[in-house]
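Residue numbers (my numbering): 256 to 704. A virtual CB, placed ideally from N, CA and C, is assigned to each residue, including glycine. This one's a predicted model, so the numbers in the text were calculated from it and none came from an experiment. First comes the structure, then the notes that go with it.
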């Protein structure tokens, strides 16, 4: 007990040092390398019209003008809730410094949520496995592992670039991670409430609701030893959705001057792909090249394709809803309408919560090389097409589209490999349990008995 008590402050100090270093790095890059953030703000890898700082600033400015002239508040790609919240920072006298601090804090908050989730996952696993004598050593290893999870998230180049671009994606990712952390804590209402707020920034987080409900139900039973009803936890979780999502819609309607047009411009743009500015997803080029009379059919197909993963993944991984949520994050990182590298960063952050599957990955090197290859060539091919090099005819849309296919291939290779590794790890665990049970029943029987 004394050892555990002594190591707790050390773990907290290491976590504080890690979070401080990551925030300091981000603020330094914001203040000393403005050209870097300007480049990232305009690049399709890190920014899309639906989530960009440029469109957010435009909406904030138009909202201020409408309030001054008592005119109708114009709708845009961002939810009125996001505009009203982040607009306070963007209108501040020292908005550059304030926004640098805010976006740095968002990343730090997401990393803290991952750290807590990693600790809770390890502790609940230990309670299920009924660890006894090695509990102190297990706690130390859990804290070290959780620190690595937070560090991987904070210093992931995808997350760092997304933070510097100052889009609304880091806000969505941080809220999603907080929702997962609250579910791991067994706080049903807060978990779904926070997830509903994340849905107001990007809509897709709402699709995490089915596995999140399973996670809340599972964690509530584990943390309370069955004392709290799982059905009551589900009722609380659904109440969180009603308050967060329904209340958010009402508040956005009020902020928009009692108008519903923001739904079409915000969520409708995500579903209908109204802005065909090139991005790293698979939708934009495909819909651009499609004949207009086929557009509605293929928009329906693409949206249903994204939705079609939710139920099968939730059912297949119902024994491990946290992994179901992780796999869905990988799917959305490729197949949503306006993806950026922030979505990939969220997936890799959640995947780091499952170290038990890493030894069973079949082709991690191939996946890493595919993603590295695409990450390096995406800005080059975009510049050859639309940058200064395009004046000499050195590139076209097919160059950029081809490398987005490689990016999608790498992302889905990671999801498929992780799903296979999860199944293999689970099979190996069940096999060891059967061998141990057989050894207890018949001490003379070995692994081959």
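(message) Against chain D, does residue 417 count as a neighbour if the rule is that its beta carbon must be under 9 Å from one of theirs?
(response) The chain labelled as chain D is not found in the depicted structure, where only one protein chain is given.
(request) Leaving out five residues on either side along the sequence, give the residues of the same chain with a beta carbon under 7 Å from the beta carbon of residue 526. (result) Cβ neighbours of residue 526 beyond the five flanking positions: 558.
(request) Assign residue 668 to one of two classes, buried (16 or more other C-beta atoms within 10 Å of its C-beta) or exposed (fewer than that). (result) buried
(request) Would you check if the distance between the CB atom of residue 358 and the CB atom of residue 405 is smaller than 9 Å? (result) Not closer than 9 Å, so no.
(message) Rounding to the nearest angstrom, what Cα-Cα distance links residue 519 and residue 338 in this structure?
(response) Rounded to whole angstroms, residue 519 to residue 338 spans 16 Å at the Cα level.
(message) Please give me, in chain order, every unbroken run of the alpha helix (DSSP H) with length at least 4 that falls completely inside the stretch 561-608.
(response) 565-571, 576-590, 596-606
(request) Please indicate yes or no: does the CB of residue 451 lie closer than 8 Å to some heavy atom of the ligand FMN? (result) Looking for the ligand FMN in the displayed structure turns up nothing, as the structure carries no ligands at all.
(message) For residue 594 and residue 696, I'd like the C-alpha separation in whole angstroms.
(response) 53 Å
(request) Please report how far the alpha carbon of residue 652 lies from the alpha carbon of residue 538, in whole angstroms. (result) One Cα belongs to residue 652, the other to residue 538, and the distance between them is close to 14 Å.
(request) Determine the burial state of residue 283: buried for a count of at least 16 other Cβ atoms within 10 Å of its Cβ, exposed for fewer. (result) exposed
(request) Inspect the beta-carbon positions of residue 444 and residue 596 and report whether they are closer than 9 Å. (result) no
(request) Leaving aside the five residues before and after residue 289 along the sequence, list all residues of the same chain whose C-beta is less than 6 Å from its C-beta, in chain order. (result) Nothing listed; no residue qualifies.
(request) Measure the CB-CB distance between residue 447 and residue 496 and report whether it falls below 9 Å. (result) yes
(request) Note down the Cα distance separating residue 633 from residue 658, rounded to an integer number of angstroms. (result) 6 Å
(message) At 4 residues or longer, what runs of the alpha helix (DSSP H) sit wholly inside the stretch 477-513?
(response) 485-496, 502-510
(request) Put residue 281 into one of helix, strand or coil per three-state DSSP. (result) helix
(message) Rounded to the nearest angstrom, what separates residue 274 and residue 280 at their Cα positions?
(response) 10 Å
(request) Ignore the nearest five residues each way along the sequence and tell me which others in residue 725's own chain have a CB closer than 8 Å to its CB. (result) Any question about residue 725 goes unanswered here, given that the chain covers just 256 to 704.
(message) On the CB-based measure, 16 or more other CB atoms within 10 Å of its CB, does residue 686 come out buried or exposed?
(response) exposed
(request) If I'm right that residue 670 touches residue 585 with Cβ under 8 Å, what's the distance once you round it to whole angstroms? (result) 4 Å
(request) In angstroms with no decimal places, state the Cα-to-Cα distance between residue 589 and residue 485. (result) 34 Å
(request) Could you please give the first and the last residue of the uninterrupted alpha helix (DSSP H) stretch that includes residue 430? (result) For residue 430, the enclosing alpha helix (DSSP H) starts and ends at 424-440.
(request) Assess, as a yes-or-no matter, whether the stretch 295-311 is touched by the stretch 420-440 under the definition of 3 or more beta carbon pairs within less than 8 Å. (result) yes
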